[in-house]
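*Asks:* Numbering (my numbering), first residue to last: 1336 to 1493. The structure's right below; bear with me while I get my questions together.
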């Protein structure tokens, strides 16, 4: 297992925490100098707040730890391609590189629907790499939505 797979496995652990809370299972970690400085998972449903995506929470935690909004020299590993809000936060926080597990063909903003990281000229450029543990990242999402449909159908019958 290479280092990128190792870190993506850590992001997948976060995604599993979200899954167990009936949140869309997305996990993110932020790494600086070879150390994980922040971990997060989706909490949108739990907090009733649309901004509680794994990426945003991880950025907030890393900023607090580093006592700076500038996350220069930090990399993010996230199980699902960031949406426009999260891609914007990656740019604004000066994340160096984002490693993405699987792409999001409905709301992705790092290459699927649009690419905020490459197609526009911002004051900071975030590098990206996709497909890290792609099948594992896809599987947790597929399982979640399959289980959620089952849960909703049994709930509707009662």
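C-beta: ideal position from N, C-alpha, C; glycine also.
Could you check whether residue 1475 and residue 1373 sit closer than 7 Å to each other, using their CB atoms as the reference points?
*Replies:* Not a contact, by the Cβ cut-off of 7 Å.
*Asks:* Along the alpha helix (DSSP H) that carries residue 1421, what are the first and last residues, could you check?
*Replies:* Counting along the chain, the alpha helix (DSSP H) containing residue 1421 begins and ends at 1419-1427.
*Asks:* Are the beta-carbon atoms of residue 1480 and residue 1360 separated by less than 7 Å?
*Replies:* Result no, Cβ atoms of residue 1480 and residue 1360 do not sit closer than 7 Å.
*Asks:* Could you give the C-beta distance for residue 1401 and residue 1428, rounded to a whole number, given that I count them as a contact under 8 Å?
*Replies:* Residue 1401 to residue 1428, Cβ: 10 Å. No contact.
*Asks:* Which residues in the same chain as residue 1448 place their Cβ atom closer than 8 Å to its Cβ, once the five residues preceding and following it in sequence are excluded?
*Replies:* Around residue 1448: 1439, 1440, 1441 and 1442.
*Asks:* Can you check the stretch 1351-1413 for any beta strand (DSSP E) of at least 3 residues that lies completely inside it and give the ranges in chain order?
*Replies:* Segments of the beta strand (DSSP E) lying fully in the stretch 1351-1413: 1362-1367 and 1370-1376.
*Asks:* Assign residue 1449 to one of three DSSP states: helix, strand, or coil.
*Replies:* If DSSP states are grouped into helix, strand and coil, residue 1449 belongs with coil.
*Asks:* Taking the alpha-carbon positions, what's the residue 1469 to residue 1484 distance?
*Replies:* Using only the alpha carbons, I get a separation of about 23 Å.
*Asks:* Our contact map puts residue 1358 next to residue 1381 with C-beta atoms below 8 Å; I'd like the distance itself, whole angstroms only.
*Replies:* At roughly 6 Å, the Cβ-Cβ gap stays under 8 Å, so residue 1358 and residue 1381 are in contact.
*Asks:* Any idea if residue 1416 is buried or exposed, counting beta-carbon neighbours within 10 angstroms, 16 or more meaning buried?
*Replies:* The residue in question, residue 1416, is buried, as its Cβ has 16 or more Cβ neighbours within 10 Å.
*Asks:* CB-CB under 7 Å to residue 1396, same chain, minus the five flanking residues each way: which ones, in chain order?
*Replies:* Excluding sequence neighbours, residue 1396 sits near 1373 and 1375.
*Asks:* Give me the Cα-Cα distance between residue 1467 and residue 1487, rounded to the nearest whole angstrom.
*Replies:* Answer to the nearest angstrom: the Cα atoms are 31 Å apart.
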